[in-house]
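Asker: Residue numbers (my numbering), protein chains in the order written: chain A, 1 to 194; chain B, 195 to 388.
The following block contains the structure, expressed as structure tokens.
Number of protein chains: 2
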Amino acid sequence: MRKDVLLSHASRLVNHGPTVLVTTEHQGRRNIMAAAWSMPVEFTPPRIAVVVDKKTFTSELLQASGRFALCLPVPALADLTYRVGSESGRDIDDGRDKFQRHGIDAFTGPLLGLPLVEGCCAWLELRRIAEPHSEQAYDTVFGEVVSAQADDRVFANGRWSFRADNAEWHTLHHLGAGAFAVPSQVVQGALLRP
Amino acid sequence: MRKDVLLSHASRLVNHGPTVLVTTEHQGRRNIMAAAWSMPVEFTPPRIAVVVDKKTFTSELLQASGRFALCLPVPALADLTYRVGSESGRDIDDGRDKFQRHGIDAFTGPLLGLPLVEGCCAWLELRRIAEPHSEQAYDTVFGEVVSAQADDRVFANGRWSFRADNAEWHTLHHLGAGAFAVPSQVVQGALLRP
Chain A
1 MRKDVLLSHA
11 SRLVNHGPTV
21 LVTTEHQGRR
31 NIMAAAWSMP
41 VEFTPPRIAV
51 VVDKKTFTSE
61 LLQASGRFAL
71 CLPVPALADL
81 TYRVGSESGR
91 DIDDGRDKFQ
101 RHGIDAFTGP
111 LLGLPLVEGC
121 CAWLELRRIA
131 EPHSEQAYDT
141 VFGEVVSAQA
151 DDRVFANGRW
161 SFRADNAEWH
171 TLHHLGAGAF
181 AVPSQVVQGA
191 LLRP
Chain B
195 MRKDVLLSHA
205 SRLVNHGPTV
215 LVTTEHQGRR
225 NIMAAAWSMP
235 VEFTPPRIAV
245 VVDKKTFTSE
255 LLQASGRFAL
265 CLPVPALADL
275 TYRVGSESGR
285 DIDDGRDKFQ
295 RHGIDAFTGP
305 LLGLPLVEGC
315 CAWLELRRIA
325 EPHSEQAYDT
335 VFGEVVSAQA
345 DDRVFANGRW
355 SFRADNAEWH
365 TLHHLGAGAF
375 AVPSQVVQGA
385 LLRP
């Protein structure tokens, strides 16, 4: 079930390098793309960097609106994730955007009203931090998280819990060409004295 | 067995969000730390961003030398990865650096001569790209990969292959507090027409 996540825990949602769906909306136009390249840069305030090619429709909506969302897809969304990462939302098909074209159910983000993808395991809304040089030179967009939610079957009390009995809610990690690794095992490191 | 990786494939090594060991060396002083926060920003040329707190000894050596390496630890190195991410190389113990203190075997990087950690599954040497604003504001260091190697039991022909029979060479993905997810399963997305 979807639950709010403390903003002080929001960066933990992407700490382990999951592939994300980036969603955007501006004046009634919306889009969705996949991004394998993101990382937290700060826990407090929760800030995240994500690579969004400046030529994309997502970049156009992100720049115009100053906001974007990250949704973390699960194994059942592997086809969709690969698909929306392989086509442009500019290529409108019969007036249908990528949500309509692929039958993607979206709900409305609580703070910024962004379209968030049903069936994911976590959702974050971010305000763009204006860093035109990083955006231009490296397609790297910085954002500050203003709302965070996660499915409490897999993320609760500020921690991911990847277990055999909740495998359908694990994250995806893009290896290339549509193959996604799933973090289905966990090892615990110990702070042993040398 | 360790094999060279084409530079055009180097960014694929960190595409899926692994935790890395950052190693540095300057005028005979060397250090190692763990970093959960890194991502590619470009395939060609291969460029990677990594978050290195500017107060760390690693940052001092990186800034002074203009170079750093990323080594990808495997499950057997989970304790070590957690440990070197939890203490500073500035706290020299009886004149021993963190490599000596923890008995870490290192070999010499082929292009920049950096200390690379034996027993990892991939190794990259990078030259720092000077971006003082990103470093100052977000602890985000950009680098260009100049050498890349991987263990061909798990990465070959430009692709990761995570299988049950090579589980000891899988990557680690930090969840927090020393718990690491291991990408031990793979799902293949299809480019289905909607």
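Glycine included, C-beta positions come from ideal geometry on N, C-alpha and C.
Buried or exposed: which applies to D291 (chain B), given that a residue is buried once 16 or more other Cβ atoms fall within 10 Å of its Cβ?
Answerer: If you number the second sequence from 1, residue 291 (chain B) lands on position 97. Buried is the call here.
Asker: Do you know offhand how far A350 (chain B)'s Cα is from F155 (chain A)'s?
Answerer: Working through the second sequence from its first residue, we reach residue 350 (chain B) at position 156. Working through the first sequence from its first residue, we reach residue 155 (chain A) at position 155. Spanning the two alpha carbons is a distance of roughly 34 Å.
Asker: DSSP three-state call for T348 (chain B): helix, strand or coil?
Answerer: Walking along the second sequence from the start, residue 348 (chain B) turns up at place 154. In the sequence as presented, Thr is not what sits at residue 348 (chain B); that position holds Val. Correct three-state label for V348 (chain B): coil.
Asker: Which of the residues in the stretch 34-64 of chain A, read from start to end, lie with their CB under 9 Å from any CB of chain B?
Answerer: Listed by position along the chain: A36, W37, S38, M39, P40, V41, E42, R47, A49, V50, V51.
Asker: Ignore the nearest five residues each way along the sequence and tell me which others in P269 (chain B)'s own chain have a CB closer than 8 Å to its CB.
Answerer: The residue labelled residue 269 (chain B) in the question sits at position 75 within the second sequence. Closer than 8 Å at the Cβ level, and outside the excluded window around P269 (chain B), lie A361, E362, H364, L366, F374, V376.
Asker: Does the beta carbon of D359 (chain B) come closer than 8 Å to any beta carbon on chain A?
Answerer: Locating residue 359 (chain B) in the second sequence gives position 165, where the first residue counts as 1. Not an interface residue.
Asker: Taking Cβ-Cβ distances below 7 Å as the criterion, which residues of the stretch 11-30 of chain A are in contact with chain B?
Answerer: Flagged, chain order: R12, N15, H16, G17, P18.
Asker: Measuring CA to CA, which of A:Q27, A:M1, A:R47, A:L6 is closest to E131 (chain A)?
Answerer: In the first sequence, the residue the question calls residue 131 (chain A) occupies position 131. Here the closest residue by C-alpha is A:R47.
Asker: Going by Cα to Cα distance, which pick from B:D333, B:G307, B:A344, B:D288 is closest to A229 (chain B)?
Answerer: Taking the second sequence and counting its residues from 1, the one referred to as residue 229 (chain B) is at position 35. Checked all of B:D333, B:G307, B:A344, B:D288; the closest Cα to A229 (chain B) is B:D333.
Asker: Exposed or buried, what is D345 (chain B) when buried is set at 16 or more other beta-carbons lying within 10 Å of its beta-carbon?
Answerer: In the second sequence, the residue the question calls residue 345 (chain B) occupies position 151. Counting Cβ neighbours within 10 Å, D345 (chain B) comes out buried, since at least 16 surround it.
Asker: Give the DSSP-derived three-state secondary structure of R196 (chain B) in the structure shown.
Answerer: Sequence index remark: in the second sequence, residue 196 (chain B) carries index 2 (1-based). Correct three-state label for R196 (chain B): strand.
Asker: Measuring only between beta-carbons, confirm whether W169 (chain A) sits less than 8 Å from chain B.
Answerer: What you label residue 169 (chain A) is simply residue 169 of the first sequence in a count that begins at 1. It does not; no Cβ of chain B falls within 8 Å.
Asker: Can you tell me whether R290 (chain B) is helix, strand or coil according to DSSP?
Answerer: Within the second sequence, residue 290 (chain B) is the residue found at index 96, counting from 1. Reduced to three states, the DSSP call for R290 (chain B) is strand.
Asker: At what residues does the beta strand (DSSP E) containing V14 (chain A) begin and finish?
Answerer: Within the first sequence, numbered from 1, the residue matching residue 14 (chain A) stands at position 14. Neither: V14 (chain A) is in no beta strand (DSSP E) and is coded neither H nor E.
Asker: Taking the alpha-carbon positions, what's the L310 (chain B) to Q382 (chain B) distance?
Answerer: If you number the second sequence from 1, residue 310 (chain B) lands on position 116. If you number the second sequence from 1, residue 382 (chain B) lands on position 188. About 32 Å.
Asker: Given a threshold of 16 other Cβ atoms within 10 Å of its Cβ, counted over all protein chains shown, does P239 (chain B) qualify as buried or as exposed?
Answerer: The residue given as residue 239 (chain B) occupies position 45 in the second sequence. When all chains shown are included, P239 (chain B) counts as exposed.
Asker: Could you list which residues in chain A have their beta carbon closer than 8 Å to that of G372 (chain B), in chain order?
Answerer: Counting from one through the second sequence, the residue named residue 372 (chain B) turns up at place 178. Going along chain A in sequence order, the residues near G372 (chain B) (Cβ under 8 Å) are Q188, G189, A190, L191.
Asker: Classify T252 (chain B) as helix, strand or coil using the three-state DSSP reduction.
Answerer: Here residue 252 (chain B) refers to the residue found at position 58 when the second sequence is read from its first residue. Note: T252 (chain B) maps to helix in three-state DSSP.
Asker: Under DSSP, the beta strand (DSSP E) around R321 (chain B) begins and ends at which residues?
Answerer: By one-based count along the second sequence, residue 321 (chain B) stands at place 127. Segment 316-323, the beta strand (DSSP E) holding R321 (chain B).
Asker: Chain B beta carbons: is any one of them nearer than 8 Å to that of S184 (chain A)?
Answerer: Numbered from its first residue, the first sequence carries residue 184 (chain A) at position 184. It does; some Cβ of chain B falls within 8 Å.
Asker: Sort out for me which residues DSSP pairs L310 (chain B) with in a bridge.
Answerer: Your numbering for residue 310 (chain B) matches position 116 in the second sequence. For L310 (chain B), which the question treats as bridged, DSSP gives the partners B:F301.
Asker: Of all the CB atoms in chain A, is at least one closer than 8 Å to the CB of S280 (chain B)?
Answerer: Counting from 1 along the second sequence, the entry for residue 280 (chain B) is found at position 86. Yes, S280 (chain B) lies at the interface with chain A (some Cβ there is under 8 Å from its Cβ).
Asker: Looking at the structure shown, is H26 (chain A) part of a helix, part of a strand, or coil, going by DSSP?
Answerer: Locating residue 26 (chain A) in the first sequence gives position 26, counting from the first residue. Note: H26 (chain A) maps to strand in three-state DSSP.
Asker: Give a yes or no on whether 8 Å exceeds the smallest Cβ distance from P388 (chain B) to chain A.
Answerer: As a working note, residue 388 (chain B) is residue 194 in the second sequence. Per-residue confidence for P388 (chain B) stands at a pLDDT of 49, beneath the threshold of 50, marking its modelled position as unreliable; the derived number appears in the next sentence. It does; some Cβ of chain A falls within 8 Å.
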